[in-house]
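Peer 1: Sharing a structure below in structure tokens format, with a few things to ask.
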Amino acid sequence: MKKLKTIILALFVLAMAGEMAAAQSYAGDGATVEPTMLIDKPTAGLLKRGSYSVSSDFFQNGGVLVGISVGIFEQFAFGISYGGTDIIGANKIDMNPFPGVNAKLRLVSESSLMPAIAIGFDSQGKESYFKADTLKRYAIKSPGAYIAASKNYEFLGNFSIHGGINKSMETTDGDKDLNMYVGAEKSVGRDISIMMEYDFAVNDNNTHAMGRGNGYLNFGFRWAWGKGLVVGFNLKNVTKNQEHVNVGNRTLQIDYIGNF
């Protein structure tokens, strides 16, 4: 609980500081920064130097995940995250066993011919953490070490395509394969973007894994509300790649982006 209070206080201080800073957004034609994530997987996008993002994900079982990322240099960003389940509700809070960390280094900047290319590491999985000795993993495994490529085009606004290869560190289920993912984002007017992501989940399809071999198809909606605030809604696992999924997993996302 002490850790949670510290994180909440840090988020509050950053948000207050952001009120005096130039706000930014990654959604719509008016986007001023690159999207650093699709839904669950990273892009080659980076925060600008001296900028920061505060993210909050709200998911099933009263789950909340908060994170802070900072653009340290023009080509490098770093962040931490922490969360748990039953934070919202009447049950006993169950925090994740450890915080997540992420770091991203851009190797190649985007040009008219070449996509942006970045390498990174992200230990933060998504949704509930399963502590059983045969699993010890998040419902959606963390990306782990990855290489990502992103390319933006002007097509009735902004249109970007993304892809990557990743190696998760969550291998207690016995599935240690490399994984792949692809995705796309399209702006709809000045303040709205829609996105999709397909995680092949090659590292989540063996006998003891949670996945069924269908991969994870996810859709996202992002709406810039001004002053650095972006609100999002995700419809995840449309392919029903895990048990007890009838329609898809619906999650809420709130991000704030500002400058120091």
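Under my numbering, think of the first position of the sequence shown as 3, with each following residue one higher.
Virtual Cβ for every residue (Gly too), placed ideally from N, Cα, C.
Being a predicted model, the structure only gives us computed values, none of them experimental.
(1) Figure out for me which residue from 225, 175 and 125 has the closest Cα to the Cα of residue 255.
(2) Quick one: is residue 135 buried, meaning 16 or more other Cβ sit within 10 Å of its Cβ, or exposed?
(3) Work out the CA separation of residue 44 and residue 166 for me, nearest whole Å.
(4) Within the chosen definition, does the stretch 149 to 156 reach the stretch 126 to 133 through at least 3 CB pairs nearer than 8 Å?
(5) If residue 69 and residue 57 are in contact, beta carbons under 8 Å, what's the gap, nearest whole angstrom?
(6) Taking residue 257 as the reference, which of 106, 164 and 227 has the closest Cα?
(7) For residue 164, which residues does DSSP report across the bridge?
(8) Identify the residues that DSSP records as bridge partners of residue 147: which are they?
(9) If the criterion is Cβ atoms closer than 8 Å, does the pair residue 49 and residue 120 meet it?
(10) Do the stretch 101 to 111 and the stretch 77 to 86 meet, that is, are 3 or more Cβ pairs less than 8 Å apart?
(11) Tell me, which residues are paired with residue 55 by DSSP?
(12) Would you say residue 29 and residue 194 are within 8 Å of each other, going by their C-beta atoms?
(13) Label residue 87 either buried or exposed according to how many other C-beta atoms from any shown protein chain fall within 10 Å of its C-beta, with 16 as the threshold for buried.
(14) In chain order, what residues of the same chain lie with their CB nearer than 7 Å to the CB of residue 94, ignoring the 5 residues before and after it?
(15) Taking just the CA atoms, how far does residue 197 sit from residue 155?
(16) Which same chain residues, not among the five before or five after residue 116, have their C-beta less than 7 Å away from its C-beta?
(17) Identify, in the order they occur along the chain, each residue of the same chain with its Cβ nearer than 8 Å to the Cβ of residue 75, setting aside the five sequence neighbours on each side.
(18) In the structure shown, what three-state DSSP assignment does residue 39 receive?
(19) State the DSSP-derived secondary structure class of residue 23, mapped to helix, strand or coil.
(20) Which class does residue 243 belong to by DSSP, given the choice of helix, strand or coil?
(21) One question on the structure: do residue 175 and residue 214 come within less than 8 Å of each other, judged by their Cβ atoms?
(22) Compute the Euclidean distance between the alpha carbons of residue 142 and residue 42, then round it to the nearest angstrom.
(23) Between the beta-carbon of residue 284 and the beta-carbon of residue 27, is there less than 8 Å?
(24) Which class does residue 45 belong to by DSSP, given the choice of helix, strand or coil?
(25) Can you find the residues in the same chain that come closer than 6 Å, C-beta to C-beta, to residue 126, ignoring five residues on each side of it along the sequence?
(26) So what does residue 85 bridge to, in DSSP terms?
Peer 2: On the basis of the supplied data:
(1) 225
(2) exposed
(3) 8 Å
(4) no
(5) 5 Å
(6) 227
(7) 152 and 185
(8) 123 and 169
(9) no
(10) yes
(11) 71 and 259
(12) yes
(13) buried
(14) 88
(15) 14 Å
(16) 110
(17) 51
(18) strand
(19) Reliability of the predicted coordinates at residue 23 is poor, the pLDDT of 47 falling under 50, and the value obtained from them is presented with this limitation in mind. Three-state result, residue 23: coil.
(20) coil
(21) no
(22) 8 Å
(23) Since the first residue shown for the chain is 3 and the last is 262, residue 284 is missing from the structure and cannot be characterised.
(24) coil
(25) 83, 102 and 144
(26) 67
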